[in-house]
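Contents: one structure, followed by commentary.
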Amino acid sequence: MTTGTENNGNIENSVTAGKGFGAADRGSMLNAMTAGQLDVLVIGGGITGAGIALDAASRGLTVGVVEMQDFAAGTSSRSTKLVHGGLRYLKQLEIGVVAEVGKERAIVYENGPHVTTPEWMLLPLYKGGTFGKLSTSIGLRVYDFLAGVKRGERRKMLSPGDTLAKEPLLKRDGLKGGGYYVEYRTDDARLTIEVMKKAVETGALAVNYVKAEKLRYDENGTVCGAEVRDLIGGAAHGISAKYVINAAGPWVDDVREMDGSKRGKTLRLTKGVHLVFDGGRFPLRQAVYFDTPDGRMVFAIPREGKTYFGTTDTNYAGDTAHPVTTVQDRDYLLAAANGMFPQLALTADDVESSWAGLRPLIQQEGKSPSEVSRRDELFVSESGLLSIAGGKLTGYRKMAETVVGKVVSLMRSADQSWTIGPSMTQHITMSGGDVGGSEQFESFVSEAVRTGAEHGFGKEDAAFLARRYGSNVRSIFEDAELSGKLGDKFGLTPKLAAMLRYAIKYEMAATPSDFFVRRTGDLFFRIAEVRKWKEPVIRAMEAELGWSGEQKNRYSAELDVYIREAVTPAEG
Ligand SMILES: Cc1cc2nc3c(=O)[nH]c(=O)nc-3n(C[C@H](O)[C@H](O)[C@H](O)COP(=O)(O)OP(=O)(O)OC[C@H]3O[C@@H](n4cnc5c(N)ncnc54)[C@H](O)[C@@H]3O)c2cc1C
Numbered sequence: 003m004t005t006g007t008e009n010n011g012n013i014e015n016s017v018t019a020g021k022g023f024g025a026a027d028r029g030s031m032l033n034a035m036t037a038g039q040l041d042v043l044v045i046g047g048g049i050t051g052a053g054i055a056l057d058a059a060s061r062g063l064t065v066g067v068v069e070m071q072d073f074a075a076g077t078s079s080r081s082t083k084l085v086h087g088g089l090r091y092l093k094q095l096e097i098g099v100v101a102e103v104g105k106e107r108a109i110v111y112e113n114g115p116h117v118t119t120p121e122w123m124l125l126p127l128y129k130g131g132t133f134g135k136l137s138t139s140i141g142l143r144v145y146d147f148l149a150g151v152k153r154g155e156r157r158k159m160l161s162p163g164d165t166l167a168k169e170p171l172l173k174r175d176g177l178k179g180g181g182y183y184v185e186y187r188t189d190d191a192r193l194t195i196e197v198m199k200k201a202v203e204t205g206a207l208a209v210n211y212v213k214a215e216k217l218r219y220d221e222n223g224t225v226c227g228a229e230v231r232d233l234i235g236g237a238a239h240g241i242s243a244k245y246v247i248n249a250a251g252p253w254v255d256d257v258r259e260m261d262g263s264k265r266g267k268t269l270r271l272t273k274g275v276h277l278v279f280d281g282g283r284f285p286l287r288q289a290v291y292f293d294t295p296d297g298r299m300v301f302a303i304p305r306e307g308k309t310y311f312g313t314t315d316t317n318y319a320g321d322t323a324h325p326v327t328t329v330q331d332r333d334y335l336l337a338a339a340n341g342m343f344p345q346l347a348l349t350a351d352d353v354e355s356s357w358a359g360l361r362p363l364i365q366q367e368g369k370s371p372s373e374v375s376r377r378d379e380l381f382v383s384e385s386g387l388l389s390i391a392g393g394k395l396t397g398y399r400k401m402a403e404t405v406v407g408k409v410v411s412l413m414r415s416a417d418q419s420w421t422i423g424p425s426m427t428q429h430i431t432m433s434g435g436d437v438g439g440s441e442q443f444e445s446f447v448s449e450a451v452r453t454g455a456e457h458g459f460g461k462e463d464a465a466f467l468a469r470r471y472g473s474n475v476r477s478i479f480e481d482a483e484l485s486g487k488l489g490d491k492f493g494l495t496p497k498l499a500a501m502l503r504y505a506i507k508y509e510m511a512a513t514p515s516d517f518f519v520r521r522t523g524d525l526f527f528r529i530a531e532v533r534k535w536k537e538p539v540i541r542a543m544e545a546e547l548g549w550s551g552e553q554k555n556r557y558s559a560e561l562d563v564y565i566r567e568a569v570t571p572a573e574g
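The numbering of the sequence shown is the numbering used here, which starts it at 3 and goes up by one.
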């Protein structure tokens, strides 16, 4: 009898030997992946690929992930950043989905309270609007029931006065009251990296900037690995695997095309844009979810002194790696914001940053972008390529359980004596999540403030770091002397130096954009800080990672493009 771990002793050993997940560990990660046959190769390092890697590794399978950009650089850093309870599914009467995502939301929160924060959401109700008072009251109650919402977070119905007291900026005309319920806010890219770090800690191999260029097949035409290219070092490598999982998000059909199996159902990409405003100009007190005059739902969410607003939903046929905000997207969102918050009279000059992402939805003929289901679906091609498409951040764990479950059943049908345990991810905290459970999170932060002081961090900085990194803040504090030296050398604040060092050493941040866009979210929520600190950060990364002059110029230019696109919409 064999088990998942015993299959590939050589890889298992190299995983154990090279636990590092720093930018300098990319080469050894890739070497370990090519050293023997993996059980599973995952193409794509967004939330879907990260979840699959954790599920597979924690069940004892040997697994490698290749990501052609940075982790989460696709859709998983460009969402509305909510771990949803799935209210929109209720409107579409997808009852089973509401129940499932509601439960998943609770699991994500419990396993990663440092990357998920409960946020009360206000649903204002207007005369002639899409939502009636009674139907909303019943709908939210049904939602609480289906989604298994905890007692303290169950919906409340508000009078017009109470609704305005929660959010005085709301349009007053025709206001009938409001629904009040809880959503969970997240940082999508940090959620992805925390799940990926846990996967690596559990034995997975994962590397960014490595592209699967071609699939490998055995003599029976069964897919058995991929030819990949290291887009930083330039070298080509071959990776062997018993199973290949296509978790390429908006690129799922490109990988199916490589496999010659893009038939039947295909993807439909729709673009979603968000705008960010300074809290001084858009001083929203309360997150609001409302319907636009054209019958779509949009969010306005306060966050770290800013307010972000979105999203659009339009068919997309441009460059998949490079969706951008257009003037039309911006103007549509400004009109929607001014419709609901008329006294603000927001203009294009008030937009401080923005982002655009692509929803990898499964095509449904005759439906508008907003009507297309967000459900996920698993396709298994004739060659055995498993492609997972659609879905949400929220459902990543369940999706991973389904996909790895499928791999396990295929393995079992090939060898009846083979055994492996069930998925355990429901009870696996993500990296940084060891804070004693969600209910202990605030006391964990208070304790971290005391420990931070012992390592020279002020109260505010220590609390910020503890909230962002959860239990990994211990390692940041322990390394304070080393990060302090880095800060002194390049003129960085202690907090920034600590985050930068951690990102390079423990989160495989290989470029300044990795750091400013996906490890910190600064491009979206603190863009002035990016402008202020980009030069010293680039110099520090150049020294730490030994870049060539060409690399330094390329990475600097790439960050400048990100900054420009966040603030200057494209024509159209
Ligand atoms: C505007 C918008 C708002 C959203 N809001 C929410 C929300 O609030 N809550 C929620 O739960 N969900 C939300 N979603 C959905 C959610 O963001 C996505 O379902 C999820 O991020 C998809 O993750 P993924 O890993 O499948 O895809 P991705 O994150 O795109 O990851 C796929 C990765 O595969 C890589 N890749 C592709 N081809 C190759 C190759 N050949 N070799 C190597 N790597 C490759 C890509 O570089 C990419 O990083 C939103 C989506 C959008 C667009």
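Just so it is clear, CB atoms sit at the ideal spot from N, CA and C, and this is done for glycine as well.
The beta-bridge partner set that DSSP reports for Pro-126 consists of Gly-180. By the neighbour-count criterion, in which 16 or more other beta carbons inside 10 Å mark a residue as buried, Lys-461 falls on the exposed side. Of all C-beta pairs linking the region 316 to 325 to the region 239 to 247, fewer than three are shorter than 8 Å, placing the two stretches out of contact. Assigned with DSSP and collapsed to three states, Met-401 falls in helix. DSSP assignment within the region 310 to 392 yields the following whole alpha helix (DSSP H) runs of 4 residues or more, N-terminal first: 329 to 342. Annotation: Leu-467 to Gly-312 spans about 27 Å, alpha carbon to alpha carbon. The Cβ atoms of Gly-53 and Ala-402 sit closer than 7 Å to each other. Remark: the C-beta of Gly-88 is outside contact range of ligand 1, defined as less than 6 Å to any heavy atom.
Distances from the CA of Gln-365 to each of Val-209, Thr-272, Ser-355 were compared; the closest alpha carbon is that of Thr-272.
Straight through space, the alpha carbons of Pro-252 and Lys-369 are spaced by roughly 19 Å.
In terms of side-chain proximity, the C-beta atom of Thr-313 is found nearer than 6 Å to a non-hydrogen atom of ligand 1.
The C-alpha of Leu-360 is placed about 13 Å away from the C-alpha of Ser-372. Annotation: the continuous beta strand (DSSP E) that includes Lys-273 extends over 269 to 280.
Beta-bridge annotation (DSSP): Asp-293 is paired with Met-299.
The DSSP-derived three-state label of Asp-175 is coil. Taking C-beta atoms under 8 Å as the contact rule, His-116 and Val-409 fail to qualify, at a distance of about 30 Å. Under the three-pair Cβ rule at 8 Å, the region 141 to 150 does not count as touching the region 45 to 64. Between Leu-193 and the set Gly-114, Glu-531, Asp-220, Tyr-91, the nearest pair of CA atoms involves Gly-114. Not a single heavy atom of ligand 1 lies less than 6 Å from the C-beta of Val-197. Taking a C-beta distance under 7 Å as the contact criterion, Ala-568 and Ser-356 qualify as a contact pair. Shortest Cα-Cα distance from Glu-544 to any of Phe-492, Leu-160, Asp-41 involves Phe-492.
Each of Asp-280, Leu-166, Thr-513 was checked against the Cα of Trp-549, and the nearest Cα belongs to Thr-513. Between the alpha carbons of Arg-174 and Gly-341 lies a distance of about 11 Å. Its Cα nearest to that of Arg-153, the residue Val-184 stands out among Ser-30, Val-184, Leu-233, Leu-395.
Contact between Leu-171 and Leu-286 holds: their C-beta atoms lie close to 6 Å from each other, under 8 Å. Among the bridge pairs identified by DSSP, Asn-210 is matched with Glu-69. Sorting Gly-523, Val-67, Arg-218 by C-alpha distance to the C-alpha of Val-209 places Val-67 at the top. The alpha carbon of Ala-101 has as its nearest neighbour, out of Gly-88, Lys-93, Glu-112, Val-110, the alpha carbon of Gly-88. Scanning Arg-28, Gly-486, Lys-105 for the CA closest to the CA of Tyr-398 turns up Lys-105. Asn-113: member of the alpha helix (DSSP H) spanning 97 to 113, first to last residue. Burial is judged here by how many other beta carbons sit within 10 angstroms of a residue's own beta carbon; Ala-201 has at least 16 and is buried. Checking the 6 Å criterion, the Cβ of Arg-361 is within range of a heavy atom belonging to ligand 1. Checking the 6 Å criterion, the Cβ of Met-70 is within range of a heavy atom belonging to ligand 1. In the DSSP secondary-structure assignment, Ala-238 is bridged to Arg-231. Inclusion of Leu-233 and Met-260 in the CB contact set at 7 Å is not warranted, their separation being larger than that value. With 16 or more neighbouring CB atoms inside 10 Å of its own CB, Ala-74 falls in the buried class.
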